[in-house]
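Colleague: Take any residue in the sequence shown, note its place counting from 1, add 7, and you have its number in our numbering. Next up is a structure, given as structure tokens.
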Amino acid sequence: VFVASRLNVPGAWQMPQVIRIAFAIIMSSDNISECHGQEKRVHNQLVQGGIEDGEEPISAAIRELREETGIASAEIISEVPKWLTYDFPPTVKAKVNRLWGGEWHGQAQKWFLMRFTKEESEINIASGEAKPEFSEWKWVNPEEVIEQAVDYKRPTYEEVMRTFSPYLNESKAAKCRSTKW
Numbered sequence: 008v009f010v011a012s013r014l015n016v017p018g019a020w021q022m023p024q025v026i027r028i029a030f031a032i033i034m035s036s037d038n039i040s041e042c043h044g045q046e047k048r049v050h051n052q053l054v055q056g057g058i059e060d061g062e063e064p065i066s067a068a069i070r071e072l073r074e075e076t077g078i079a080s081a082e083i084i085s086e087v088p089k090w091l092t093y094d095f096p097p098t099v100k101a102k103v104n105r106l107w108g109g110e111w112h113g114q115a116q117k118w119f120l121m122r123f124t125k126e127e128s129e130i131n132i133a134s135g136e137a138k139p140e141f142s143e144w145k146w147v148n149p150e151e152v153i154e155q156a157v158d159y160k161r162p163t164y165e166e167v168m169r170t171f172s173p174y175l176n177e178s179k180a181a182k183c184r185s186t187k188w
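This is the structure we're talking about:
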């Protein structure tokens, strides 16, 4: 599974009340890709981004995948059938509201599992399509995705990994693509 740590780009997801997000989980050889951001104390995360007005969630996931990783070669394997939601904890809500302005309560997320179909040389987290959000990436197993999630997102990540478990082999070890991790 392909995962990442997000840089602080506050304007990327602004939507009133609840932020609608599309996630793209990328797998290759039964591992998931994870990215790591440049700021300190940023948790690793999966590719995600806001859904633009009139945009379908799957289109947003494909667009965010291309913008954030350079990946254009992925096939859709599965989708979490419902929107998953959570409220921000009070400290996160206060920070989000201060940084982004407005009254933000949480996120509504639509999740997709995609299989990466080309060589890793296609992955370019500084692709130039958008301001880079990640500094590093690696492949991890699904259990690691859950372990590295921030506490308030962990139940959502657990539900997503349960839903996608028929497609993922949790026994494989992660392949790290960075000497910094």
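A virtual CB, placed ideally from N, CA and C, is assigned to each residue, including glycine.
Give the secondary structure of F119 by DSSP, where H, G and I count as helix, E and B as strand, and everything else as coil.
Modeller: One-based indexing of the sequence shown puts residue 119 at position 112. Three-state result, F119: strand.
Colleague: Just the C-alpha distance for A115 and W90, rounded to the nearest angstrom, thanks.
Modeller: Looking up residue 115 in the sequence shown gives position 108. Looking up residue 90 in the sequence shown gives position 83. Each residue's alpha carbon lies about 6 angstroms from the other.
Colleague: In its own chain, which residues sit with a C-beta less than 7 angstroms from the C-beta of K130, not counting the 5 before and 5 after it?
Modeller: As a position in the sequence shown, residue 130 is number 123, starting the count at 1. Note that residue 130 is Ile in the sequence shown, not Lys. Same-chain partners within the cutoff: T76, G77, I78 and W144.
Colleague: Cα separation between S142 and W107?
Modeller: As a position in the sequence shown, residue 142 is number 135, starting the count at 1. As a position in the sequence shown, residue 107 is number 100, starting the count at 1. Taking the straight line joining both Cα atoms gives about 23 angstroms.
Colleague: For the alpha helix (DSSP H) that A156 lies in, which residues bound it at each end?
Modeller: Working through the sequence shown from its first residue, we reach residue 156 at position 149. From DSSP, A156 is part of no alpha helix (DSSP H); its letter is neither H nor E.
Colleague: What are the complete alpha helix (DSSP H) segments, minimum 4 residues, inside the segment 58–113?
Modeller: 64–76 and 97–107
Colleague: Taking C-alpha atoms, which residue in E165, P162 and S85 lies nearest to M121?
Modeller: By one-based count along the sequence shown, residue 121 stands at place 114. Answer by Cα proximity: S85.
Colleague: In whole angstroms, what separates the C-alpha of F119 from that of Q55?
Modeller: Against the sequence shown, residue 119 aligns to sequence position 112. Against the sequence shown, residue 55 aligns to sequence position 48. Spanning the two alpha carbons is a distance of roughly 10 angstroms.
Colleague: With which residues is I32 paired in a DSSP beta bridge?
Modeller: Position 25 of the sequence shown, counting from 1, holds the residue named residue 32. L120, per the DSSP bridge assignment.
Colleague: So, for R169: in the same chain, excluding its five sequence neighbours on each side, which residues have a beta-carbon less than 6 angstroms away from its beta-carbon?
Modeller: Numbered from its first residue, the sequence shown carries residue 169 at position 162. Hits under 6 angstroms: none found.
Colleague: What would DSSP say about K160, mapped onto helix, strand or coil?
Modeller: Along the sequence shown, read from residue 1 onward, the residue named residue 160 stands at position 153. Reduced to three states, the DSSP call for K160 is helix.
Colleague: Taking just the CA atoms, how far does S128 sit from L53?
Modeller: For the purposes of this step, residue 53 is taken as residue 46 along the sequence shown, with counting starting at 1. For the purposes of this step, residue 128 is taken as residue 121 along the sequence shown, with counting starting at 1. The alpha-carbon atoms of L53 and S128 are separated by roughly 19 angstroms.
Colleague: Whose C-beta lies closer than 6 angstroms to the C-beta of R73 among residues of the same chain, with five residues either side of it excluded?
Modeller: Taking the sequence shown and counting its residues from 1, one reaches residue 73 at position 66. Hits under 6 angstroms: A79.
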